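> My questions all concern the structure below.
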Amino acid sequence: MDKLWLIIKREYLNKVRNKTFVIMTFVSPLIFVGVALLIGWLTSINSDTARKIAVLDQTGDQYESLFKNTDRNQYIVLKGLSKSAAVAASKEADYYGLLLIEGDNGNLEKFSFYSDDSPSPDFISAIEDKINNKASESNLLKNNIDVELLEKLTVKKEIELQNFTGEKTSKLSGWIKIATGGAAGYLLMMFIIIYGNMVMRSVIEEKTNRIIEIIVSSVKPIYLMVGKITGTSLAGITQFLIWVIVGFILMIAATTFFGIDAFSNPANADMMAQTQDMSKMELILNDVAQLPILKLIFCFFIYFIGGYFLYASIYTAIGAAVDNETDTQQFMLPVILPLMLAIYVGFFSVMDNPHGTVAVIFSYIPLTSPIVMLMRIPFGEIAWWEIVLSMALLYISIIGIAILASKIYRIGILMYGKKTNWKELYKWLRY
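Here the sequence shown is numbered in our numbering, starting from 139 and rising by one per residue.
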């Protein structure tokens, strides 16, 4: 065990003292914050640019009054022009688009929007709603139906959501759970890929430099493999914590100094406007408060350790089996495929039915359980026995995968100048 501790210490110190590691640890947050601020700044510039839109109403000026100028859109009403002339005039004036409303004597036949760009769905939906509502109102008046009376008689109630204990939730509750579970699962996947590759490159580097021959003469390969995985994981955790702390400080300082909201998005304006009512905001805050945050943090920590050690063992075996990173490509599909599958299952199965058969099965399979289970947890009460069973299967699998990986590692680290294939790996496992 003393040798194992020395290997862990050596791997950790080698990583954190590396100039590239130190530079990327402190430069990466600057890059991430810079990109976020740049996106926020560009978004603010884009939203400040007013679009000029021509409107040609051929129904007898019934609909042109619906379109009022805003900070985002400026409407120019065209008069007395034919369709072809209006299109030509709009192109010559470099307008964003032309809204053509066709009909006669106040009767709407159809309406079209001409533009070289592809309008956003929200923009088109807003136009459709305005014109259709106005046309419906005109039809009611023509049929001697009191529009105001109809409006009063129209029922417009929102469904009230509650759980079986009587606690109210908002319509955004599902999105909050999706964002929470998705963020946890995606973060874990990225951490596994980034630091798993770091372990693999470290093995290839030592194998190429022939340092491994000296080390393995005094230490068992299994100790060397476990020590390398543990030391690299600790270095990764250190780097990640520094990223979180430095990134948070930089984001707060930058947004305060420059006055830029890097997270603002004009596309969310309508949703934000709908949640200004205090009762709705209280429901949203209540939804956030109801999330099993402590359980999620605890499970994230346990699944992170288990998932990382499981995949790091595979990455280590791959690194030992090849002489350079180019040769690793043939072995990477079995590593990446379960991770991607877990993400897809999470977003398309867990989000739809977190307690369905597919979601439950994949939350037990060790290669996918760290991600899928983390995405299931925010969606309701999951029995502790399910989580314990999932974790038990994961950690039992780690022992099995580590034993198999150590067999490949024991032989592979001393093999040079030979292309390794799947058939060769199978032979090593039988030794």
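Built from N, CA and C at the ideal position, the CB exists for glycine as well.
No experiment lies behind these values; they were computed from the predicted model shown.
(1) Do you know offhand how far I134's Cα is from I269's?
(2) Any contact between the segment 156-165 and the segment 201-209? By contact I mean 3 or more CB pairs, one from each, below 8 Å.
(3) State buried or exposed for V488, treating a residue as buried only when at least 16 other CB atoms are found within 10 Å of its CB.
(4) Label K294 either buried or exposed according to how many other C-beta atoms from any shown protein chain fall within 10 Å of its C-beta, with 16 as the threshold for buried.
(5) Does S250 come out as helix, strand or coil in the three-state DSSP assignment?
(6) Given a cut-off of 7 Å on the beta-carbon distance, is the pair A235 and S253 in contact?
(7) Less than 6 Å between C-beta atoms, sequence neighbours within five positions excluded: which residues of the same chain meet that for T163?
(8) Which stretch, first to last residue, makes up the beta strand (DSSP E) that contains Q212?
(9) Tell me, please, whether the segment 474-481 touches the segment 314-327 by the rule of three or more beta-carbon pairs shorter than 8 Å.
(10) Should Y547 and M363 be called a contact, given that it needs their Cβ atoms to be closer than 7 Å?
(11) Figure out for me which residue from G550, I387, G445, L288 has the closest Cα to the Cα of S89.
(12) Ignoring anything shorter than 4 residues, give me the alpha helix (DSSP H) runs that lie fully in the segment 220-249, in order along the chain.
(13) Could you tell me the alpha carbon to alpha carbon distance between K280 and N271, rounded to whole angstroms?
(14) Can you give me the C-alpha to C-alpha distance between Y449 and L471, rounded to a whole angstrom?
(15) Using the three-state DSSP reduction, which class does A188 fall into: helix, strand or coil?
(16) Less than 7 Å between C-beta atoms, sequence neighbours within five positions excluded: which residues of the same chain meet that for L219?
(17) Any idea if S528 is buried or exposed, counting beta-carbon neighbours within 10 angstroms, 16 or more meaning buried?
(18) With distances taken Cα to Cα, identify the nearest neighbour of R210 among D255, F261, L238, P167.
(19) If L238 and S222 are in contact, beta carbons under 8 Å, what's the gap, nearest whole angstrom?
(20) Does the separation of the CB atoms of I515 and L567 fall below 7 Å?
(21) Classify E149 as buried or exposed, calling it buried when 16 or more other Cβ atoms lie within 10 Å of its own Cβ.
(22) Report the CB separation of V510 from G484 in whole angstroms; it is logged as a contact under 8 Å.
(23) Quick one: what's got a C-beta closer than 6 Å to V215's C-beta in the same chain, skipping five residues either side?
(24) Return the first residue and the last residue of the alpha helix (DSSP H) that T495 is part of.
(25) At which residues does the alpha helix (DSSP H) containing P259 begin and terminate?
(26) How many whole angstroms separate the CB atoms of Y333 and G374, which I take to be in contact at a CB cut-off of 8 Å?
(27) May I ask you to report which of helix, strand or coil DSSP gives V193?
(28) Can you give me the Cβ contacts of L505 inside the same chain, cut-off strictly under 6 Å, excluding the 5 residues immediately before and after it?
(29) Helix or strand or just coil, what does DSSP make of M416?
(30) For F442, which residues from the same chain have a beta carbon less than 8 Å from its beta carbon, with the 5 sequence-adjacent residues on both sides left out?
(31) Just to check my reading of the structure: A317 and L512 have Cβ atoms closer than 8 Å, yes? What is that Cβ distance to the nearest angstrom?
In this structure, then:
(1) With the chain covering only 139 through 569, there is no way to say anything about residue 134.
(2) no
(3) buried
(4) exposed
(5) strand
(6) The question names Ala, but residue 235 in the sequence shown is Gly. Their beta carbons are under 7 Å apart, which means G235 touches S253 by this criterion.
(7) Q377, I380
(8) 211-216
(9) yes
(10) yes
(11) The shown model of the chain, from 139 to 569, leaves out residue 89, and the question about it has no answer.
(12) 221-230
(13) 14 Å
(14) 13 Å
(15) coil
(16) L194, A227
(17) buried
(18) F261
(19) Not quite, the Cβ-Cβ distance comes to about 11 Å (not below 8 Å), so this is no contact.
(20) no
(21) buried
(22) 6 Å
(23) V193, E202
(24) 495-500
(25) 259-280
(26) 4 Å
(27) strand
(28) P476
(29) In this predicted model, M416 has a pLDDT of only 46, less than 50, meaning its place in the structure is not dependable enough to derive any value.
(30) L326, F329, P508
(31) With a Cβ gap of about 13 Å, A317 and L512 do not count as contacting.
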